[in-house]
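Here is the structure we will look at.
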Ligand code: SAH
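In the working numbering, the protein residues as written are 1 to 357.
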């Protein structure tokens with residue numbers, strides 16, 4: 001997945017093969033779920049052998065595959081440089097949704113999130129992003145297709161816009177998985193410049209903005225990058241996204257027990273979103289071991305939702321899926337990467353020493 005069909009075709013030409021075999025190879029991977037070259041029966045045997053020795057279909061390997069009792073699949077993929085990323089497949093009724101990562105780690109530092117505990121290590125490549133989707137799709141029974149894709153895994157999506165958009169465009173193209181752009185949602189911490197850049201790209205991807213607080217002061221505390229960008233600029237850029245794309249923006253609001261889940265915040269949030277054609281998605285916090293935040297009570301969630309509904313806002317409460325398998329952003333990777341590490345608030349302390357970790 002690190003090369004395009006064009007590049008692979010050129011490689012074939014150099015070796016005396018017809019370049020159209022590249023299209024066959026990609027069709028095998030995207031349509032017929034091939035994970036190696038050996039079984040690509042309409043590709044000449046000699047070329048298949050050359051492909052086997054020079055390439056692999058996937059650049060990542062599966063480090064762990066967990067299945068939760070509710071059927072949620074979570075893959076921890078290991079990249080060729082040994083770094084690890086998570087992605088998740090969720091099934092409910094007629095929906096099959098994948099959630100993918102865009103970076104190893106995250107540089108935004110949201111105080112409640114496991115992904116950013118050690119900062120950002122690097123952007124994922126276009127191929128690594130596409131691969132997460134294809135690998136998860138391959139877990140589905142043959143007659144099932146993916147219906148939705150959310151970019152809500154590890155990393156700040158828009159910090160890797162240059163690889164993310166080509167990856168999503170590929171997935172949505174007829175030569176990829178042919179998914180509709182409207183089935184795709186990109187979640188961002190709220191980087192106004194990048195949101196405007198995305199708006200100018202004229203795609204139909206949905207945008208979800210991680211607001212988490214209705215006031216500057218509270219958002220500064222929970223989402224440190226807010227001190228640089230400001231809530232107002234985030235909301236303005238979201239308005240522009242809606243104007244240009246016609247896609248209704250979702251505002252995500254992680255509810256942290258006793259911190260941002262009160263009636264006062266609900267009212268302030270309603271004031272902020274009132275005149276907009278927007279949607280609010282309330283996300284009850286998934287506790288991260290070592291971080292001092294708690295899940296809100298069911299009552300707090302119900303009351304918060306009630307305030308928004310009374311103000312006629314479109315609102316939903318996210319159901320938690322796959323809790324048993326650490327299916328919240330960055331939690332599986334964190335556990336796998338070390339039992340040696342104990343989280344202490346925002347910094348981490350090593351227990352024992354291991355120079356290469
Ligand atoms: N960086 C992007 C996308 C990744 S996170 C963003 O900030 O939107 C996807 C969503 O999950 C964000 O709204 C994020 O704040 C939220 N999230 C992170 N950790 C969480 C946790 N432990 N429980 C619930 N939601 C969490």
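All C-beta atoms, glycine included, are put in the ideal place defined by N, C-alpha and C.
**Study point:** Spatial distance of residue 138 from residue 172 (CA atoms)
**Key:** By 1-based counting over the chain shown, the position of residue 138 is 138. By 1-based counting over the chain shown, the position of residue 172 is 172. Approximately 16 Å between the Cα atoms of the pair.
Throw me the rounded Cβ distance for the residue 255 and residue 284 pair, which I believe falls under 8 Å.
The residue labelled residue 255 in the question sits at position 255 within the chain shown. The residue labelled residue 284 in the question sits at position 284 within the chain shown. Going by Cβ atoms, the distance from residue 255 to residue 284 rounds to 5 Å, so yes, they are a contact pair.
Counted within 10 angstroms of its Cβ, other Cβ atoms place residue 217 as buried (16 or more) or exposed: Your numbering for residue 217 matches position 217 in the chain shown. It counts as exposed.
Whether or not the segment 175-182 and the segment 215-233 are in contact is what I'm after, with contact meaning three or more pairs of Cβ atoms, one per stretch, closer than 8 Å; do they touch? no
I need the boundaries of the beta strand (DSSP E) containing residue 90, first residue and last residue.
As a working note, residue 90 is residue 90 in the chain shown. Run containing residue 90: 84-92, per the beta strand (DSSP E) assignment.
- Query: Is residue 253 helix, strand or coil when you go by DSSP?
  - Reply: Within the chain shown, the letter at position 253 stands for residue 253. The three-state secondary structure of residue 253, taken from DSSP, is strand.
Next item on the list: Could you tell me if residue 205 is buried or exposed, where buried requires 16 or more neighbouring beta carbons within 10 angstroms of its beta carbon?
Entry: Stepping through the chain shown from its first residue, residue 205 is reached at position 205. Classification for residue 205: buried.
Margin query: Can you determine whether any heavy atom of the ligand SAH sits closer than 7 Å to the C-beta of residue 87, and answer yes or no?
Written below: Within the chain shown, residue 87 is the residue found at index 87, counting from 1. No; taking the cut-off as 7 Å, the Cβ of residue 87 has no heavy atom of the ligand SAH nearer than that.
- prompt: With respect to the alpha helix (DSSP H) encompassing residue 169, which residues constitute its N-terminal and C-terminal limits?
  reply: Taking the first residue of the chain shown as 1, we reach residue 169 at position 169. Looking at the DSSP string, the run of the alpha helix (DSSP H) that includes residue 169 is 161-172.
(message) Measuring straight from C-alpha to C-alpha, what distance separates residue 75 and residue 182?
(response) Here residue 75 is taken as the residue at index 75 of the chain shown, counted from 1. Here residue 182 is taken as the residue at index 182 of the chain shown, counted from 1. Note on geometry: alpha-carbon atoms of residue 75 and residue 182 lie some 25 Å from one another.
task: For the segment 264-284 and the segment 81-98, state whether three or more C-beta atom pairs, one from each stretch, are separated by less than 8 Å.
output: no
| Which stretch, first to last residue, makes up the beta strand (DSSP E) that contains residue 279? | As a working note, residue 279 is residue 279 in the chain shown. Note, residue 279: beta strand (DSSP E), 279-284.
| field | Per DSSP, cross-strand counterpart(s) of residue 105 | value | Within the chain shown, the letter at position 105 stands for residue 105. The partner list for residue 105 (beta bridge, DSSP) reads 120.
**Message:** Does the segment 53-61 come into contact with the segment 117-124, if we say contact requires no fewer than three beta-carbon pairs (one atom in each stretch) closer than 8 Å?
**Reply:** no
Would you mind giving the Cβ-Cβ distance between residue 150 and residue 125, rounded to the nearest angstrom? I have them listed as a contact below 8 Å.
In the chain shown, residue 150 corresponds to position 150, counting from 1. In the chain shown, residue 125 corresponds to position 125, counting from 1. Not really, about 20 Å apart at Cβ, beyond 8 Å.
- Message: Closer than 7 Å to a non-hydrogen atom of the ligand SAH - does that hold for the CB of residue 157?
- Response: Position 157 of the chain shown, counting from 1, holds the residue named residue 157. Yes; taking the cut-off as 7 Å, the Cβ of residue 157 has a heavy atom of the ligand SAH nearer than that.
TODO: Classify residue 13 as buried or exposed, calling it buried when 16 or more other Cβ atoms lie within 10 Å of its own Cβ.
DONE: Stepping through the chain shown from its first residue, residue 13 is reached at position 13. Flag for residue 13 reads exposed.
### Query
Is residue 259 helix, strand or coil by DSSP?
Taking the first residue of the chain shown as 1, we reach residue 259 at position 259. Three-state DSSP puts residue 259 in coil, outside helix and strand.
Among residues of its own chain, excluding the 5 on either side of residue 107, which ones have a beta-carbon nearer than 8 Å to its beta-carbon? Walking along the chain shown from the start, residue 107 turns up at place 107. Taken in chain order, the residues that qualify are 116, 119, 120, 156 and 159.
What residue from 167, 263 and 105 has the CA that sits closest to residue 296's CA?
Within the chain shown, the letter at position 296 stands for residue 296. Closest option to residue 296, Cα to Cα, is 263.
Could you tell me which uninterrupted alpha helix (DSSP H) segments, each at least 4 residues in length, are contained entirely in the segment 3-31, listed from first to last along the chain? Annotation note: the segment 3-31 contains the following uninterrupted alpha helix (DSSP H) runs of length 4 or greater, listed N- to C-terminal: 5-14 and 21-30.
Compare the beta carbon distance of residue 315 and residue 280 with 8 Å and say whether it is the shorter of the two.
If you number the chain shown from 1, residue 315 lands on position 315. If you number the chain shown from 1, residue 280 lands on position 280. Closer than 8 Å, so yes.
| message | Can you list, in chain order, the residues of its chain with a C-beta nearer than 6 Å to that of residue 64? Leave out the 5 residues immediately preceding and following it. | response | Residue mapping note: residue 64 aligns to position 64 of the chain shown, counting from 1. Counting only residues of its own chain and dropping the five nearest sequence neighbours on each side, residue 64 has a CB closer than 6 Å to the CB of 76.
Exercise for the section: Count the other C-beta atoms from every protein chain shown that fall within 10 angstroms of the C-beta of residue 245, then say buried if there are 16 or more, exposed otherwise. Expected result: On the chain shown, residue 245 is found 245 positions in, with the first residue counted as 1. Result: buried.
Quiz item: Ordered along the chain, which non-local residues of its own chain (more than five positions away) have a Cβ less than 7 Å from that of residue 179?
Solution: Translated into the one-based positions of the chain shown, residue 179 becomes position 179. Cβ within range, chain order: 146, 149, 171 and 172.
- Message: Rounded to the nearest angstrom, what separates residue 309 and residue 214 at their Cα positions?
- Response: Position 309 of the chain shown, counted from the start, is the residue given in the question as residue 309. Position 214 of the chain shown, counted from the start, is the residue given in the question as residue 214. For residue 309 and residue 214, the distance between alpha carbons rounds to 16 Å.
Buried versus exposed, by CB contacts within 10 Å (16 or more), residue 54 = Taking the chain shown and counting its residues from 1, the one referred to as residue 54 is at position 54. That one is exposed.
- Query: Taking the continuous alpha helix (DSSP H) assigned at residue 245, which residues delimit it?
  - Reply: Translated into the one-based positions of the chain shown, residue 245 becomes position 245. Run containing residue 245: 231-245, per the alpha helix (DSSP H) assignment.
So the candidates are 3, 249, 227 and 287; which of them puts its Cα closest to the Cα of residue 29?
Taking the chain shown and counting its residues from 1, the one referred to as residue 29 is at position 29. With respect to the C-alpha of residue 29, the residue from 3, 249, 227 and 287 having the closest C-alpha is 3.
**Prompt:** With C-beta atoms as the reference, is residue 87 less than 8 Å away from residue 153?
**Reply:** Within the chain shown, the letter at position 87 stands for residue 87. Within the chain shown, the letter at position 153 stands for residue 153. Yes, Cβ-Cβ distance for residue 87 and residue 153 is below 8 Å.
Check: For the alpha helix (DSSP H) that contains residue 47, what are its first and last residues?
Finding: The residue labelled residue 47 in the question sits at position 47 within the chain shown. Where residue 47 is concerned, the enclosing alpha helix (DSSP H) starts and stops at 45-54.
Residue 101: which of 112, 82 and 128 sits nearest, CA to CA? If you number the chain shown from 1, residue 101 lands on position 101. It is 128.
- Task: Would you check whether the ligand SAH has a heavy atom nearer than 7 Å to the C-beta of residue 285?
- Result: Along the chain shown, read from residue 1 onward, the residue named residue 285 stands at position 285. Yes.
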